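Note sheet for the following structure.
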Amino acid sequence: MRINDHSGYLLRVSAVLAALTSLTVCVPLYAQTASAPDAAASAPVGVLQTGEVQTVAHVVSVDAAANTVTLRGAQGRQVTVAVDPAVANVSKLAPGDQVNIVYKEALLLRADKVDTKGIRARVETTAETPASGGVTAAARAVQVVATVQKIDRAHRKVTLRGPTRTVVVGVPQDVPIEKLKVGDSIRADYVGATAVQVVRNGARVE
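Taken in order, the sequence shown gives residues -31 to -1, 1 to 175; the numbers are from mature numbering (1 follows the signal peptide of the UniProt record, and there is no 0).
Here you go:
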């Protein structure tokens, strides 16, 4: 199923990511009270920028060909994160590994209601944008026909159930979600979660 024309889409993705990258530090990263395994996985990660999340998680699966890793956090929530080879070598990870990861949350770019009769579809592409330190960060741009499972209007987060996975996306102020409701089928453009730093046993995964 063809979802949408990609004309101008990657330019929009790159513009949004470049804007996020330019933001300065907003939220300090506070130390956790960690058990011994948690402490072993932890390492100084500095401070978090807007839209970044830091967590200690366990590796569920690794897709070395796609440079992605699926993680499970302390509350059981799973997230699939794109990992640029300049950030970490995912082939060195294995299911069960515990890592301390900082990643940019998935970000919704557009959401349009559609009548799909329950059919979901997904198209992925990759966009590259400059990151800090001169490193090029690869972000996974996704177009998906999905079902709205949950809306957190206070924190501007939407949970989408697609054909292969469920994802929580942050929603910028300029993306309207007031008319969305749980159960809606939508065609969504979003940038997938992207790793900023991956640490295992106190060292970068290289």
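Every residue gets a Cβ at the ideal spot worked out from N, C-alpha and C, and that includes glycine.
Just so you know, these numbers come straight off a predicted model, no measurement behind them.
Taking 8 Å as the threshold (C-beta atoms), are residue j and residue i in contact?
i, j, result
"T39", "S30", "yes"
"T163", "K73", "yes"
"G139", "L77", "yes"
"V22", "G65", "no"
By DSSP's criteria, residue i is part of a beta bridge. Which residues make up the other side?
i, result
"I146", "DSSP output for I146 lists no bridge partner at all."
"V50", "V38"
"V117", "L129"
Taking 7 Å as the line, does the beta carbon of residue i fall inside it for any heavy atom of the ligand MN?
i, result
"E21", "With respect to small molecules bound, the structure shown includes none, and the ligand MN cannot be examined in it."
Could you pull out every residue in the same chain whose Cβ sits closer than 6 Å to the Cβ of residue i, ignoring the five residues on either side in sequence?
i, result
"G42", "T24, A26"
"T128", "Q118, K119, V137"
"G161", "A51, A75, R109, V111"
"V167", "A57, V68, I70, V174"
"S(-25)", "Note on S(-25): pLDDT 48, under 50, position unreliable in the model; the coordinate value appears next. Excluding sequence neighbours, S(-25) sits near nothing in its chain."
"K61", "V174"
"A172", "none"
Go ahead and pull the three-state DSSP assignment for residue i.
i, result
"V59", "helix"
"I79", "Correcting the residue identity first, residue 79 is Arg in this sequence and not Ile. The answer is strand: DSSP assigns R79 an E or B state."
"T135", "strand"
"A172", "strand"
"A123", "coil"
"D158", "strand"
"E21", "strand"
"R41", "strand"
"D32", "strand"
"V167", "strand"
"R130", "strand"
"V140", "coil"
"V71", "strand"
"V111", "strand"
Is it buried or exposed for residue i, if we count other Cβ within 10 angstroms and need 16 for buried?
i, result
"Q142", "exposed"
"Q44", "exposed"
"D81", "exposed"
"V165", "buried"
"T49", "buried"
"V151", "exposed"
Which residues in the same chain as residue i place their Cβ atom closer than 8 Å to its Cβ, once the five residues preceding and following it in sequence are excluded?
i, result
"N36", "A51, V52, D53, P54, V59, A107"
"D153", "K82, T116, V117"
"R125", "G139, V140, P141, Q142, I146"
"A33", "V59, S60"
"A63", "V28, V31"
"V144", "L77, L78, R79, A80"
"L149", "A80, K82, V117, I120, V127, I155"
Please work out which residues of its chain come closer than 7 Å, Cβ to Cβ, to residue i, disregarding the five sequence neighbours upstream and downstream, and give them in chain order.
i, result
"Y159", "A75, L76, L77, L78, V111, V138"
Under a CB-based cut-off of 8 Å, is residue i close to chain B?
i, result
"V138", "No chain B is present in this structure, which holds just one protein chain."
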